[in-house]
Amino acid sequence: MQHLTRDSQRQAMLGRPAPARAPGGRPQPQARPARRDPAPSRLAYRLNRIWLTPLYRRVLRLGVPAFALAMVVGLYLSDETRRAEISGSVTAMVEKVQTRDEFMVHAMKIEGASPVVDKGLRAMLPVTLPASSFDIDLEALRASVMNLDAVEKVELRIEPGGVLSAVVTERTPAILWRHARGIELLDATGHRVASATSRDVRPDLPMITGEGANANTAEALALIEAAGPILPRVRGLERMGARRWDLVLDRGQRIMLPEDRAVQALEHAIALDRTQTLLSRDVAVVDLRNGDRPIVRIGMTAQNTLRRARGEPEIGPDGKIIEPDDGKTAAKPGKTTAAAKSSKKG
Amino acid sequence: MGDLYQVQRAMRQMRRAALARGVMAVLDIGTSKMSCIVLQFDGPGQFREEDGVGPMAGQSNFRVIGAATTQSRGMRYGEIETMAETERAVRTVVSSAQKRAGVRVDHVIACLSGARPSSYGLAGEVSLDSGKCTEHDIGAVLAACDVPDFGRGREVLHAQPVNFAVDGRSGLSDPRDHVGNRLAVDVHALTIDGDAAGNLVHCIRRCDLELAGVASAAYVAGRAALVEDEQELGSACIDMGGGITGVSIFVRKHMIFADAVRMGGELVTQDIARGLRVSTQMAEWLKTRHGGIEATGRDDREMIQVDGGTGADAGDWDHDRRAVSRADLIGIMRPRVEEILDEVRAVLDAAGFDCMPSRQIVLTGGGSQIPGLETLAARILGQNVRIGRPLRIQGLAQNMTTPGHAATVGLALFAAHPQDEWWDFDMPVSSHGARSVRRVARWFRNHW
């Protein structure tokens, strides 16, 4: 340990001259900056602990920025003019894009429509052309066009070049339906096509009448088809009780058809007519409602002829026995009423 | 005594709350360093049986998620000397451990090395009315222990029942359901200075932490450094800290004695600083880098460059250039280490360590890392000496597995599995005045 002391060191350095040193001056130890206290302050420690708490952490990282953002946006938008400005500029921008030439519709092209439908379709277009294709709601337009009874199908599309194309398929009237409020034209499915002012508008179409007749158009058309040989005599079909058909012929004759298998029954009646000329006789009603037993109601003249042959007094249309001297006059009004009835049906 | 019972029970309750939360910190407040580790309790079932991981000495249910060590401030002889400085150091270590763990820690278990621990062996005896030992009887026999006068201002830190005896059968660790007429118990009580303990509690309160338990550093270092067989057969753990050298004796897995020698590694540093006239930091560096106990001929030639000092307090020695041989350094260190070990020897003799069946001595703590200490300790303390490193616990960094962190690791084990203490048992009803009054009131209400 001895050689550690300063004396021994001085001994070791004896040969060297002492370093030059300014008089009165000692080398000052360099001032070192004070060491920073590594300990966190109480406040920093507490804040750090708060920051490590999950709830605070979530609130500070998510809640506060979200709240600040909502606050800023809310404050900015609380002014009425700013809101109007923003919405106005947005609307203007949208308008500018929508009214570009590429999106404009200049003309409307309608194919396959009658002049009436054509006119109606053009009237239905909610905007006046030229208009932006964004303003034309094709679905709504199509729905409103489909509300027209005369239109069965319509294909709407905007073709390139700014043309609104409508391909219309119209319903074809197949039958006339007379009801309490007038006469209507129906297509084969029973859908209304148009109204008619009188039967003479379409004399080529058959006529049906009665309640619920329009719902059974297909059956009616089948019956008309089946009535081929007697078609010139057919005045029309009448739906009875919304249940079955009567085929009405001229001269007040009537074929009552059953509810089901009506076509077969009509063919039966036509066969009877062909073999026995049933319908050209004085027969008022051919009742085929019971398929096993066709019933024929004979006319008044034939009844009276029979009664006369039997020597019985004649009866009037009301079924009462009339005086023998008035027999001629009694038979006549029956005939006239029948004629009047048939004319009304026509 | 009743007050202490309530306080310790409250701390146990706090520990249970911390376990329910799943996060707890352990804080080892030493004289030279402070370390804090944050434990995450995942509950049992983290490992399955087929993973090949057993219960691992009861440490499989937690892992370390954050650890920090800092220089201790304001401590002397394992006691808090300057409260504000110590508080700053605790704040530093806790906040950096928290930062590494990424979670906030509210509950902390601390250990104290100093505060003049003293051990007492208490004995109690009670007759078993039912002829069979019940839970209630254990509480009764613990309450029946004759408590000596600990002295003024002493607080009981540990009171562990170490041995139960039913009639003639002694050495029972769990006397429940044993048939017999008399139940006797031996309790080891460790008391410390109440003021020092109060200072610790206050310091931890000031850091916004809840104290969930206090342990003696000598005890927890023993739990970490002694292997299971050593704890069972009898051994002494010597925790060579900075200011305090703690001694604890274990047998049958219970601590039966603990004491502390108020000398430690800082004294060695002081000797070096004085003897070589260097700054304290330089002396500390010399001790840890070049220190030793056994000098050889080669050490005479090994010169160590000693710059007078590089720290702010170097003062006039700024331009000092010297060299010392390692043999000089050893010559300073050895007498002081010998003195410390002699004191330890005296403590062990006083405790009657010579009568133990196995006289294994385990050296741990930062001071045990001096090279050559093993041979010196074997010469002074006895032949069976080894250096003990702490148990491996899951997630602990490599630099925390040195002997210096034995108390920290032991504290983590203590936090996970505390041994039964006197306050873990329910006190007999008769000692609760309020409750008996309530019983009387209830009896009156029911019968009148």
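Quick note, the sequences are listed as chains A and B, same order.
Using this note's numbering, read the first sequence as starting at -5 and increasing by one per residue.
Using this note's numbering, read the second sequence as starting at 151 and increasing by one per residue.
Even for Gly, the Cβ is constructed at its ideal location relative to N, Cα and C.
Computed from a predicted structure; not experimentally measured.
Among the options, which one has its Cα closest to the Cα of residue i?
{"i": "SER385/B", "options": "LEU491/B, GLU360/B, PHE407/B", "result": "PHE407/B"}
{"i": "GLY184/A", "options": "ILE316/A, ALA209/A, LYS314/A", "result": "ALA209/A"}
{"i": "GLU229/B", "options": "HIS597/B, ALA375/B, CYS353/B, PHE575/B", "result": "CYS353/B"}
{"i": "ASP389/B", "options": "LEU436/B, MET184/B, GLY515/B, ALA247/B", "result": "GLY515/B"}
{"i": "GLN258/A", "options": "MET65/A, ARG76/A, GLU213/A, ALA207/A", "result": "GLU213/A"}
{"i": "MET250/A", "options": "ALA265/A, THR271/A, ILE289/A", "result": "ILE289/A"}
{"i": "GLY502/B", "options": "VAL397/B, VAL157/B, THR219/B, VAL176/B", "result": "VAL397/B"}
{"i": "TRP573/B", "options": "ASP345/B, ALA339/B, LEU333/B, GLY318/B", "result": "ALA339/B"}
{"i": "SER508/B", "options": "ASN349/B, HIS328/B, GLU444/B, GLU382/B", "result": "GLU382/B"}
{"i": "MET164/B", "options": "MET506/B, SER245/B, ILE259/B, ILE443/B", "result": "ILE259/B"}
{"i": "VAL411/B", "options": "SER429/B, CYS387/B, VAL428/B, GLU571/B", "result": "CYS387/B"}
{"i": "ASP449/B", "options": "VAL173/B, SER475/B, VAL512/B, ASP192/B", "result": "SER475/B"}
{"i": "ALA477/B", "options": "ALA496/B, ARG471/B, GLY441/B", "result": "GLY441/B"}
{"i": "ASP281/A", "options": "LEU170/A, PRO32/A, ALA263/A, ILE177/A", "result": "ALA263/A"}
Taking just the CA atoms, how far does residue j sit from residue i?
{"i": "PRO252/A", "j": "ARG238/A", "result": "6 Å"}
{"i": "PRO298/B", "j": "ARG589/B", "result": "32 Å"}
{"i": "ARG269/A", "j": "LEU260/A", "result": "The question names Arg, yet the displayed sequence has Thr at residue 269/A. Approximately 14 Å between the Cα atoms of the pair."}
{"i": "ARG355/B", "j": "GLY274/B", "result": "36 Å"}
{"i": "ARG275/A", "j": "LYS147/A", "result": "49 Å"}
{"i": "ALA62/A", "j": "SER81/A", "result": "23 Å"}
{"i": "ILE480/B", "j": "THR395/B", "result": "20 Å"}
{"i": "ARG171/B", "j": "ALA234/B", "result": "30 Å"}
{"i": "LYS403/B", "j": "GLU380/B", "result": "8 Å"}
{"i": "GLY156/A", "j": "ARG116/A", "result": "16 Å"}
{"i": "ALA236/A", "j": "GLY204/A", "result": "7 Å"}
{"i": "PRO109/A", "j": "HIS173/A", "result": "27 Å"}
{"i": "ALA134/A", "j": "VAL91/A", "result": "23 Å"}
{"i": "ALA423/B", "j": "ARG30/A", "result": "25 Å"}
{"i": "ARG94/A", "j": "PRO124/A", "result": "12 Å"}
{"i": "ASP499/B", "j": "ALA473/B", "result": "41 Å"}
{"i": "GLY392/B", "j": "GLY554/B", "result": "10 Å"}
{"i": "GLN158/B", "j": "HIS597/B", "result": "38 Å"}
From the DSSP output, in three-state form, read off residue i for me.
{"i": "GLY357/B", "result": "This sequence places Cys at residue 357/B; Gly is not what is there. Coil, per DSSP."}
{"i": "PHE564/B", "result": "helix"}
{"i": "PRO311/B", "result": "strand"}
{"i": "HIS338/B", "result": "strand"}
{"i": "GLU505/B", "result": "Before going on, a small fix: residue 505/B reads as Cys here, not Glu. Note: CYS505/B maps to helix in three-state DSSP."}
{"i": "ILE394/B", "result": "coil"}
{"i": "THR232/B", "result": "coil"}
{"i": "GLN548/B", "result": "helix"}
{"i": "GLY274/B", "result": "strand"}
{"i": "ARG52/A", "result": "helix"}
{"i": "GLN247/A", "result": "coil"}
{"i": "HIS100/A", "result": "coil"}
{"i": "PHE191/B", "result": "strand"}
{"i": "MET118/A", "result": "helix"}
{"i": "THR163/A", "result": "strand"}
{"i": "LYS90/A", "result": "helix"}
{"i": "VAL377/B", "result": "coil"}
{"i": "GLN569/B", "result": "coil"}
{"i": "LYS147/A", "result": "strand"}
{"i": "VAL306/B", "result": "strand"}
{"i": "PHE61/A", "result": "helix"}
Please confirm whether any heavy atom of the ligand NAP lies closer than 6 Å to the CB of residue i.
{"i": "MET140/A", "result": "In terms of ligand content, the structure shown is empty, and the ligand NAP therefore cannot be addressed."}
Problem set entry | Validate contact between the segment 298 to 307 of chain B and the segment 224 to 237 of chain B using beta carbons, cut 8 Å, 3 pairs | no
Exercise. Counting pairs of beta carbons, one from the segment 555 to 570 of chain B and one from the segment 350 to 368 of chain B, are three or more of them closer than 8 Å?
Worked result: yes
Exercise. At a cut of 8 Å, does the segment 528 to 541 of chain B reach the segment 416 to 428 of chain B through at least three beta carbon pairs?
Worked result: no
Exercise. With a cut-off of 8 Å, do at least 3 Cβ pairs link the segment 185 to 192 of chain A to the segment 218 to 226 of chain A?
Worked result: no
For this session: Count the C-beta pairs between the segment 54 to 70 of chain A and the segment 265 to 278 of chain B that are closer than 8 Å, then say yes if the count reaches three, no if not.
Result: no
Exercise. Any contact of the segment 371 to 386 of chain B with the segment 551 to 560 of chain B, i.e. 3+ C-beta pairs under 8 Å?
Worked result: yes
Problem set entry | Cβ contact check for the segment 484 to 499 of chain B and the segment 521 to 538 of chain B: 3 or more pairs under 8 Å | yes
Problem set entry | Positions along the segment 249 to 276 of chain B whose CB lies within less than 8 Å of some CB in chain A | LYS249, GLY252, VAL253, ARG254
Exercise. What are the residues of the segment 29 to 55 of chain A that lie near chain B, defined by any Cβ-Cβ distance shorter than 9 Å?
Worked result: ARG29, ASP31, PRO32, ALA33, PRO34, SER35, ARG36, ALA38, TYR39, ARG40, ASN42, ARG43, ILE44, TRP45, LEU46, THR47, PRO48
For this session: Check distances from the C-beta atoms of the segment 229 to 245 of chain B to those of chain A and list, in chain order, the residues that come in under 7 Å.
Result: ARG238, ALA239, ARG241, THR242, SER245
Exercise. Of the residues that make up the segment 353 to 387 of chain B, which ones have a beta carbon closer than 8 Å to any beta carbon in chain A?
Worked result: CYS357, ASP358
Exercise. When the Cβ atoms of the segment 242 to 252 of chain B are set against those of the segment 30 to 42 of chain A, are three or more pairs found closer than 8 Å?
Worked result: yes
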